[in-house]
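Heads up, the thing below is written out as structure tokens.
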């Protein structure tokens, strides 16, 4: 009986049944190991069957290769925040404030809390800001009247999309309800 097997270290399990009475099977395997027969009941004739299970390759093959054309940056990681005035957005900005050497806000999008958004703009100085409700733009502009660094303001859904795909942002934190933050490129 001859079996072509991978090395014993690569074999996860072997199932071998035959009609012999012996419990130990000693076919010629590389690596000097023997197989113990399972009690399979009576088998008519001299039938032998064998199956070998080789484990799947590892999920991580061992070496990561960076993708081509990945964005790189010097200094703090540039991020965009969609939903900056909500719970997730304000907590994210708290982390940014605690780690100014690690993160930099490049764009903010908010729903209707213009007062809080204006405070965030004054503190984090983003390049782009969006307010979902277009009628609140004059109120935001008034709140930012004395600000030295005024961001570009894009209203509505298009503004949210532009914040999410800001060219300088390496990561986007999305903290808005439902699928509103999942608009694809068209």
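Numbering (the numbering used here), first residue to last: 1292 to 1477. Every residue, glycine too, gets a C-beta built ideally from N, C-alpha and C. These figures come from a predicted structure and were not determined experimentally.
Just mark residue 1363 as buried or exposed, buried being the case when its beta carbon has 16 or more other beta carbons within 10 Å. Looking up residue 1363 in the chain shown gives position 72. It is exposed - the Cβ of residue 1363 has fewer than 16 other Cβ atoms within 10 Å.
Using the rule of at least 16 other Cβ atoms within 10 Å of the residue's Cβ for burial, across every protein chain shown, is residue 1467 buried or exposed? One-based indexing of the chain shown puts residue 1467 at position 176. Residue 1467 comes out buried.
Give the list of continuous alpha helix (DSSP H) stretches no shorter than 4 residues that lie fully inside the stretch 1436-1468. As far as the stretch 1436-1468 is concerned, its whole alpha helix (DSSP H) runs of at least 4 residues are 1447-1455.
Are residue 1454 and residue 1430 closer than 7 Å when you measure CB to CB? Position 163 of the chain shown holds residue 1454. Position 139 of the chain shown holds residue 1430. No.
Is the distance from the Cβ of residue 1370 to the Cβ of residue 1462 below 7 Å? What you label residue 1370 is simply residue 79 of the chain shown in a count that begins at 1. What you label residue 1462 is simply residue 171 of the chain shown in a count that begins at 1. With respect to the 7 Å criterion, residue 1370 and residue 1462 are classified as neighbours on the basis of their beta carbons.
Short check: CB of residue 1451 to CB of residue 1400, under 7 Å? The sequence position of residue 1451 within the chain shown is 160, counting from 1. The sequence position of residue 1400 within the chain shown is 109, counting from 1. For residue 1451 and residue 1400, yes; Cβs fall inside 7 Å.
With which residues is residue 1399 paired in a DSSP beta bridge? Taking the chain shown and counting its residues from 1, the one referred to as residue 1399 is at position 108. Note: residue 1399 sits in a beta bridge opposite 1372, 1420.
Go through its chain and collect everything with a Cβ distance to residue 1239's Cβ below 7 Å, but skip five positions before and after it. Summary: the structure shown does not reach residue 1239, with the chain confined to residues 1292 through 1477, and so no result is reported for it.
How many angstroms separate the CA atom of residue 1402 from the CA atom of residue 1458? Numbered from 1 along the chain shown, position 111 holds the residue referred to as residue 1402. Numbered from 1 along the chain shown, position 167 holds the residue referred to as residue 1458. Distance from the CA of residue 1402 to the CA of residue 1458, rounded to the nearest whole angstrom, comes to 22 Å.
Can you check whether the CB of residue 1412 is closer than 7 Å to the CB of residue 1420? For the purposes of this step, residue 1420 is taken as residue 129 along the chain shown, with counting starting at 1. For the purposes of this step, residue 1412 is taken as residue 121 along the chain shown, with counting starting at 1. Yes, the pair counts as a contact, with Cβ atoms nearer than the cut-off.
Quick check on residue 1386: buried or exposed, where buried means 16 or more other Cβ atoms within 10 Å of its Cβ? Along the chain shown, one-based indexing puts residue 1386 at 95. Burial call: exposed.
Alpha carbon to alpha carbon, how far is residue 1427 from residue 1367? Give it in angstroms, no decimals. Walking along the chain shown from the start, residue 1367 turns up at place 76. Walking along the chain shown from the start, residue 1427 turns up at place 136. One C-alpha to the other measures close to 31 Å.
For the alpha helix (DSSP H) holding residue 1411, just list the boundary residues, first then last. Taking the first residue of the chain shown as 1, we reach residue 1411 at position 120. That run of the alpha helix (DSSP H) goes 1405-1415.
Nearest-angstrom beta carbon gap, residue 1434 and residue 1409 [assumed within contact, 8 Å]: In the chain shown, the residue the question calls residue 1409 occupies position 118. In the chain shown, the residue the question calls residue 1434 occupies position 143. That belief holds up - the Cβ atoms of residue 1409 and residue 1434 are roughly 4 Å apart, short of 8 Å.
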